[in-house]
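S.K.:
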Amino acid sequence: MNILLRPTVMELPAVGTNIIRNNRLQGIVDADKKTGQPILYIPAPSSLQQVVFQLVTDEEHFCFFCHKKLTNSNSNVDHLVAQRVGGPSIYKLRPMPYTISAEDVLKGHIDTSNVDVNLIEPVTNCHRTCKKCNNLKNSVDEESFDQALLMIDEGTSIDKVKKFIRNTERQQYDLFIKSKSINNRLAPIVSKVPCDLIKDTWYTNPDDFKRSRQGKCKRFYSEHGFFRELVILDRNMEVVSGRLVVRFSEEEGIEAVNAVIISNVEINPAVFCGKKMVTDN
Ligand SMILES: [Zn+2]
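Using the working numbering, read the sequence shown as starting at 39 and increasing by one per residue.
This is the structure we're talking about:
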């Protein structure tokens, strides 16, 4: 098989760190038994988003846009590339300096021990912002929102600024639909992954999918001929998010999907057995 994939590594807190959000243990950073490298273990796919939101909250104390000091009650996590145009919940993912063949992936874990993560600019799609900025921004891109903030500084009325944001949003969405392309910010970390490499052991109930077939994912694909969502995979090629895209691709015989492979994250509920505050979702 001659397919090349681009794995990424996530910048992690120190080995031994427990990541707790909403009173639940959402992640543990531990050393990999084989390589000794730090791995983020999560108990379930849904925990990754919680981990990302917690890391953003721990590390960023000022609004990304207006630089106001933040309190827990006055902050949100904003997606720079909006979820509406395929922006995933990722934080500090570093593209690895090489690509690997699909065969390597099939052989087992991807070896990240030789990667100097400091060499490469991380790709982040989540930042902490004040609620006001988060609400005002909606789904426009960063540059347009900076422009909107400048308009406010220069005394433009808030109604005019909101109108500017609405119009820009519409144009950007139309462009996204027309070009069917991944945002440039995300492009360095996305691989075209063959569906037969992807595992989804967390998928248990076919009824969920039958119901969801009437849902957003199918409607969007039928209308536009591409998927909005990026699939996120752990280091074993297990689905972390984008399950509907994977199921639907299987049903329709679509061979490959756009995905981000995070080589130092692993879904592993066994690591959490007997720990306090274990998530039950
Ligand atoms: Zn702000």
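Where is the CB? At the ideal position from N, CA and C, for every residue including glycine.
Between which two residues does the alpha helix (DSSP H) harbouring Arg59 extend?
M.R.: Premise fails: Arg59 lies in the beta strand (DSSP E), Asn56 to Arg59, not in any alpha helix (DSSP H).
S.K.: I need the DSSP call for Cys171, collapsed to helix, strand or coil.
M.R.: If DSSP states are grouped into helix, strand and coil, Cys171 belongs with the helices.
S.K.: Kindly identify the DSSP beta-bridge partner or partners of Leu50.
M.R.: Its beta-bridge partners do not exist; DSSP assigns none.
S.K.: Between the stretch 132-152 and the stretch 198-213, do at least 3 Cβ pairs fall closer than 8 Å?
M.R.: No, the stretch 132-152 is not in contact with the stretch 198-213.
S.K.: Hey, would you say Lys237 sits closer than 8 Å to Glu290, going by beta carbons?
M.R.: Cβ atoms of Lys237 and Glu290: not closer than 8 Å.
S.K.: State the Cα-Cα distance for the pair Asn176 and Ala120, rounded to the nearest angstrom.
M.R.: Straight-line Cα distance between these residues: approximately 8 Å.
S.K.: Which value, in whole angstroms, describes the spacing of the CA atoms of Val256 and Val283?
M.R.: Reading off the sequence shown, one finds Lys at residue 256, where the question assumed Val. Straight-line Cα distance between these residues: approximately 8 Å.
S.K.: Which same chain residues end up closer than 8 Å to Ile196 when comparing Cβ atoms and leaving out the 5 residues on each side of it in sequence?
M.R.: Only Ile190 meet the Cβ criterion.
S.K.: Determine the extent of the beta strand (DSSP E) in which Gln64 is found, giving its start and end residues.
M.R.: Segment Arg62 to Ala69, the beta strand (DSSP E) holding Gln64.
S.K.: If distances are taken between C-alpha atoms only, which option among Gly312, Phe286 and Ser279 comes closest to Ile305?
M.R.: Looking at the Cα atoms, Ser279 is the closest of the given residues.
S.K.: Taking Ala140 as part of the alpha helix (DSSP H), name the residues at either end of that continuous run.
M.R.: Ala140 to Lys145 is the extent of the alpha helix (DSSP H) around Ala140.
S.K.: Quick one: give me the first and last residue of the alpha helix (DSSP H) that Lys230 is part of.
M.R.: Counting along the chain, Lys230 falls outside any alpha helix (DSSP H), though it belongs to the beta strand (DSSP E) covering Ser229 to Pro232.
S.K.: Could you give the C-beta distance for Ile80 and Asp68, rounded to a whole number, given that I count them as a contact under 8 Å?
M.R.: In fact, because the Cβ distance is near 11 Å, the residues do not count as touching under 8 Å.
S.K.: Within the structure, which residues are defined as neighbours of ligand 1 by a Cβ-heavy atom distance below 6 Å, reported in chain order?
M.R.: Any residue whose Cβ sits closer than 6 Å to a heavy atom of ligand 1 makes the list: Cys101, Phe103, Cys104, Lys106, Thr167, Cys168, Lys170 and Cys171.
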